[in-house]
Amino acid sequence: MKKGSKVLFTILLVLLLVAGAGVGYIWSGMRPLAQEEREIPVSIQQGSGTAAIASQLEEQGIIRNALIFKVYLKWNGEGSRFQAGKYAFRPGVTYDDIIAKLNSGEVVPEEMVRFTIPEGYTVEQIADKLSNDGIVDKDRFLKLVNDTAWLKGQAPIAAHIPTDAKLKHRLEGYLFPETYELKKGSSEEEIIARMVQETEKRLSQASPTWESDLKTRGLTLHDMLTLASLVEREAVVDAERPLIAGVIDNRIAKGMRLQIDATVQYALDKPKERLYYKDLEIDSPYNTYKIDKLPPGPISSPSTASIQAVLKPEASEYLYYVTKKDGTHTHLFAKTFPEHQRNIEQSKKTAAQ
Numbered sequence: 046m047k048k049g050s051k052v053l054f055t056i057l058l059v060l061l062l063v064a065g066a067g068v069g070y071i072w073s074g075m076r077p078l079a080q081e082e083r084e085i086p087v088s089i090q091q092g093s094g095t096a097a098i099a100s101q102l103e104e105q106g107i108i109r110n111a112l113i114f115k116v117y118l119k120w121n122g123e124g125s126r127f128q129a130g131k132y133a134f135r136p137g138v139t140y141d142d143i144i145a146k147l148n149s150g151e152v153v154p155e156e157m158v159r160f161t162i163p164e165g166y167t168v169e170q171i172a173d174k175l176s177n178d179g180i181v182d183k184d185r186f187l188k189l190v191n192d193t194a195w196l197k198g199q200a201p202i203a204a205h206i207p208t209d210a211k212l213k214h215r216l217e218g219y220l221f222p223e224t225y226e227l228k229k230g231s232s233e234e235e236i237i238a239r240m241v242q243e244t245e246k247r248l249s250q251a252s253p254t255w256e257s258d259l260k261t262r263g264l265t266l267h268d269m270l271t272l273a274s275l276v277e278r279e280a281v282v283d284a285e286r287p288l289i290a291g292v293i294d295n296r297i298a299k300g301m302r303l304q305i306d307a308t309v310q311y312a313l314d315k316p317k318e319r320l321y322y323k324d325l326e327i328d329s330p331y332n333t334y335k336i337d338k339l340p341p342g343p344i345s346s347p348s349t350a351s352i353q354a355v356l357k358p359e360a361s362e363y364l365y366y367v368t369k370k371d372g373t374h375t376h377l378f379a380k381t382f383p384e385h386q387r388n389i390e391q392s393k394k395t396a397a398q
């Protein structure tokens with residue numbers, strides 16, 4: 046073999062070996078890893094380029110070779126539609142499957158936490174429930190509902206809360222009773238803000254003209270929520286809420302004390318199953334047996350029905366009501382005190398039967 050031929054042969058052989066090695070390198074790099082059932086979480090940050098994503102996938106054991114994955118993306122014109130988010134990939138997934146998932150934004154659903162705040166709950170009850178369910182730290186929750194400056198810009202209605210040292214909890218009545226679903230691990234601030242925002246939303250649902258309704262009635266938003274919280278604790282049957290709201294209005298108009306037991310329960314450190322006459326003497330700005338006006342703020346979280354009742358109370362001449370005690374949760378209404386006394390006796394007889 047001539048010298049020139051030998052050189053050419055050597056060059057060709059080297060090229061073939063290099064090409065073979067290159068093909069082997071590419072084939073090895075493109076070959077999926079061994080398939081596994083476990084899923085590996087991968088968080089793609091907003092603004093991440095294909096180089097960063099490829100390196101991340103290699104580092105986390107999803108692909109064998111970041112460089113080859115980048116070349117594959119370039120060759121196929123992919124990568125420009127990748128979406129940020131939290132993904133889950135199983136080892137052994139193909140390049141095409143990875144690309145399809147990143148293009149579609151098939152992220153792992155956020156783990157959510159679901160909880161229900163019953164109508165008529167107080168801030169203390171809400172804090173206890175959420176704390177017992179492991180959703181909030183009770184002390185931090187109570188601190189945040191009493192120092193509401195942080196809510197500025199997140200919930201405009203919080204600005205309607207008066208600066209009053211007599212308020213037991215500043216956000217009492219502003220945390221709407223509802224079933225909520227939030228991201229697991231949501232902060233106390235996020236949870237409280239969501240509940241106050243729900244109150245804003247429900248005001249419009251209760252009455253699209255609620256702001257003008259308040260002006261017509263000469264009430265502030267805070268007064269309205271205070272009245273609604275009283276109705277919430279006094280009424281069980283929705284049909285009676287507007288009538289009870291009207292009775293409360295009538296008593297206020299006549300300068301009568303409201304004498305609502307629920308306000309005494311709220312004033313007590315620990316509510317009782319039964320109130321005694323001595324309890325009615327408790328010295329508290331919330332005790333409507335002792336004060337001549339509304340308490341300084343709401344005593345519970347009112348429902349939409351109670352808010353509607355206060356915005357549109359039912360007119361009547363009634364000044365009193367008492368529970369029937371017949372299992373219907375309805376009331377007997379009276380215009381005069383003697384009539385009210387007779388209703389009380391009738392209610393007692395019904396309970397004894």
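According to my numbering, the sequence shown is numbered sequentially starting from 46. Quick reminder that beta carbons are idealized off the backbone N, C-alpha and C, glycines included. Quick caveat: nothing in here was measured; it's all calculated off a predicted structure.
Item, Value
"Alpha carbon of residue 387 to alpha carbon of residue 335, nearest angstrom", "25 Å"
"Residue 362 - partner residues in DSSP beta bridges", "DSSP output for residue 362 lists no bridge partner at all."
"Residue 284 (DSSP reduced to helix, strand or coil)", "helix"
"Cβ shell of residue 332 (< 7 Å), same chain only, five flanking positions each side left out", "308, 309, 312"
"Per-residue DSSP class, three states only, for residue 219", "coil"
"Host beta strand (DSSP E) of residue 88 (start-end)", "85–89"
"Whole runs of the beta strand (DSSP E) within the segment 315–381, excluding any shorter than 3 residues", "365–368, 376–379"
"Simplified DSSP state of residue 160, which is helix, strand or coil", "strand"
"Span of the alpha helix (DSSP H) around residue 260", "255–262"
"For residue 42, three-class secondary structure by DSSP", "This structure gives no information on residue 42, because the portion of the chain shown stretches from 46 to 398."
"First through last residue of the beta strand (DSSP E) which encompasses residue 132", "130–134"
"Proximity of residue 375 and residue 285 at Cβ, strictly below 8 Å", "yes"
"Neighbourhood of residue 82 by C-beta distance below 8 Å, restricted to the same chain and skipping five residues each side", "135"
"Rounded straight-line distance, which links the Cα of residue 251 to that of residue 160", "23 Å"
"Boundaries (first-last residue) of the alpha helix (DSSP H) holding residue 108", "First-last for residue 108: undefined, no H or E at that position."
"The alpha helix (DSSP H) enclosing residue 302, as first and last residue numbers", "That residue, residue 302, is in no alpha helix (DSSP H); it is neither H nor E in DSSP."
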